Amino acid sequence: MGRSQSLPRGGDPRFGPDADDTGCPVLHVDMDAFFASVEVRRRPELRGRPVVVGGLGPRGVVSSASYEARRYGVRSAMPMMRARALCPQAVFLPPDFTAYSAASRAVMRVFRDVTPLVEPLSLDEAFLDVAGARRLFGAPAVIARLIRERVATEQRLTCSVGVAPSKFVAKLGSTRAKPDGLLVVPAARVLDFLHPLPVGALWGVGERSAETLRRLGLSTVGDLARAPYGMLRHALGDAAARHLHELAWGRDPRRVSPEQVDKSIGAEVTFDADVADPQEIRRTLLGLAEKVGARLRRSGQVGRTVALKVRMADFRTVSRSRTLGVPTDVGREMFDTAWALYTALDPGEPIRLVGVRAEGLSAAGDTPRQLALGAPERGWREAEAAADAAAARFGRSVIGPASLLRVPDQRLEENQSRP
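Position one of the sequence shown corresponds to residue 147 (the numbering used here), numbered consecutively onward.
Next up, the structure:
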């Protein structure tokens, strides 16, 4: 969905929780202020207070803000310094992805208790196809209420749910239902729901394209739907024009796909101050590669290509990649490649961000590993697997290979992209 504009909280009874859900098999469930809510769950004394989660350094970015903080204008992706200025009385916390991942797995289990057709989009949201669950649990809106009740009772978290004929409209519905709400968009009233919305509500419309459309006099989804297709194609290009025209008429044929496979897995760090010291950059790359390797092993995947991302002090961003002879899930092997890419790049100036990414993913079980000539039968992979087991028991913060020095206190971001 476009990020330039938000949707108003629903108040129209045609699209409320009790609206007609006939022909609406798709649910979009979105956790409310997920990271912040998990923090409040384990620290009840924070309930009712503004809570902001994100990088705490001078270049940190807000990952999540409680609704108490949002009343002061704090939003996700906002620079943390801006959030501090808007709401200095907030509680500011660093992200704990281990806790958020555990909470996400518990919530997804609730979804899968209802239907196997669950398509996670991220840690805190998923599409569900409940057409086959009606006989056991009832109509889609009834199932949505059941899910909300179970998440609240079992996980002490709240979620918002959109119920609609298609994925696109269901996602818009959950956005409009926030926080802690349920909204049904009847199949017969999809256009009544869509056409008054701002064009920024359409998937693929960002600030730049929204401004282009507004210059053409197209401020709502209805304006875009009724616009001559040739005008849209001239302004946006054929692919974007076709995509937006279909959405504006409520046409989204995509099915809920539970077999969604990650295209890449990566991690990156934005330094609190620009860094030129090669040893500090080397230590950081090693930490990132180890993190990517651990995530690959948890997901049962290996990557054939290692990509390096470097952002200079002036915000220029350079990417380099190298395809390996044999796919890997070993952090040390990815580090060796990433470091070789970095030394070949030789930026010769301070950098503000560095990242490592594994691409060309495939299932580990389908990819036999080859032992390099002269290499020991047991090595880095076994050491890292042992570290995984220890981390599962004691926490990753106290675990690390002997060669891994602790990464400095910087904002660490995890990235996982989908097709």
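Yeah, the Cβ is synthetic: ideal placement off N, Cα and C, and Gly gets one too. Please read these numbers as outputs of a predicted model, since none were measured by experiment.
Tell me which residues share the same chain as residue i and place their Cβ nearer than 7 Å to its Cβ, disregarding the 5 neighbours each side in the sequence.
i      : result
TYR375 : ALA387 and HIS391
ALA510 : GLY446, GLN447, VAL448 and ASP475
By Cβ distance, which residues of its chain are closer than 8 Å to residue i, with the 5 residues on each side in sequence left out?
i      : result
MET254 : VAL264, PRO266 and ALA272
MET377 : LEU362
Could you tell me the distance, in whole angstroms, from the CA atom of residue i to the CA atom of residue j?
i      : j      : result
PHE417 : ARG498 : 5 Å
ARG216 : ALA231 : 13 Å
PHE161 : ASP167 : 10 Å
VAL237 : ARG193 : 11 Å
VAL336 : VAL315 : 8 Å
LEU491 : SER465 : 9 Å
LYS324 : VAL330 : 13 Å
LEU202 : PRO171 : 42 Å
ARG429 : ARG281 : 56 Å
SER508 : GLU479 : 17 Å
SER247 : ARG372 : 43 Å
SER312 : PRO240 : 36 Å
Would a C-beta distance cut-off of 8 Å place residue i and residue j closer than the cut-off?
i      : j      : result
ALA298 : PRO163 : no
ARG503 : LYS455 : yes
VAL448 : PRO473 : yes
ARG571 : GLY506 : Examination of residue 571 is not possible in this model, given that the chain is present from 147 through 565 alone.
SER306 : GLY284 : no
SER183 : THR321 : no
GLU300 : VAL256 : yes
VAL97  : LEU432 : Past the edges of the chain, shown from 147 to 565, lies residue 97, and the structure says nothing about it.
PRO196 : GLN235 : yes
ALA229 : VAL199 : no
ALA459 : ASP420 : yes
Can you tell me which residues form a DSSP beta bridge with residue i?
i      : result
ARG503 : GLY412 and ALA453
ALA249 : DSSP output for ALA249 lists no bridge partner at all.
CYS305 : MET177
GLY363 : The partner list for GLY363 (beta bridge, DSSP) is empty, contrary to what the question assumes.
GLU265 : PHE273
PRO225 : VAL207
SER508 : VAL448
PHE238 : VAL198
ILE497 : VAL421 and MET458
VAL330 : VAL309
If you compare alpha carbons, which of the options is closest to residue i?
i      : options                           : result
ASP178 : TYR218, VAL207, GLY206 and SER222 : SER222
ARG294 : HIS174, SER365, ARG193 and ARG462 : HIS174
ARG468 : GLY477, ALA486 and ASP475         : ALA486
ILE427 : ARG457, GLY412, LEU442 and ALA440 : ARG457
THR483 : ALA459, GLU436, ASP460 and PHE461 : GLU436
GLY396 : GLY206, LEU318 and VAL276         : LEU318
LEU292 : ASP270, LYS313 and THR261         : THR261
Between residue i and the rest of its own chain, which residues show a CB-CB distance below 6 Å, the 5 nearest in sequence each way excluded?
i      : result
ARG296 : VAL256
Tell me whether residue i, by its Cβ, gets closer than 7 Å to a heavy atom of the ligand FMN.
i      : result
PRO342 : The ligand FMN is not part of this structure, which contains no ligands at all.
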